[in-house]
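*Asks:* The following block contains the structure, expressed as structure tokens.
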Amino acid sequence: MTKRRAINPMDFDVVHMRNVHYLKLDRLNETAPLSPKRRFVRVPKKRAATDQ
703 MTKRRAINPM
713 DFDVVHMRNV
723 HYLKLDRLNE
733 TAPLSPKRRF
743 VRVPKKRAAT
753 DQ
């Protein structure tokens, strides 16, 4: 999870923001579901016949 926070909340003239990242520690023990990898078959491009 990511939230935006002001760097100096007391400074009202210029507001600089930073991203603050949070970890959900209970989710670190879970395993990610594995999806089957898609296979892509490359088809070679046909070359145009050239007259010589």
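Under my numbering, the first residue of the sequence shown is numbered 703, with each subsequent residue one higher. C-beta atoms are modelled at their ideal positions from N, C-alpha and C, and glycine is treated no differently. Quick caveat, the model's predicted, so the values are computed rather than measured.
Would a C-beta distance cut-off of 8 Å place THR704 and VAL717 closer than the cut-off?
*Replies:* What you label residue 704 is simply residue 2 of the sequence shown in a count that begins at 1. What you label residue 717 is simply residue 15 of the sequence shown in a count that begins at 1. Contact: no.
*Asks:* Run through DSSP, which three-state label would ARG720 get?
*Replies:* Walking along the sequence shown from the start, residue 720 turns up at place 18. Of the three classes helix, strand and coil, the one that applies to ARG720 here is strand, per DSSP.
*Asks:* State the Cα-Cα distance for the pair ASP728 and VAL745, rounded to the nearest angstrom.
*Replies:* The sequence position of residue 728 within the sequence shown is 26, counting from 1. The sequence position of residue 745 within the sequence shown is 43, counting from 1. The alpha-carbon atoms of ASP728 and VAL745 are separated by roughly 45 Å.
*Asks:* Starting from ARG707 and walking both ways along the beta strand (DSSP E), at which residues does that stretch end?
*Replies:* For the purposes of this step, residue 707 is identified with residue 5 of the sequence shown, where counting begins at 1. According to the DSSP assignment, ARG707 belongs to the beta strand (DSSP E) that extends over 704 to 708.
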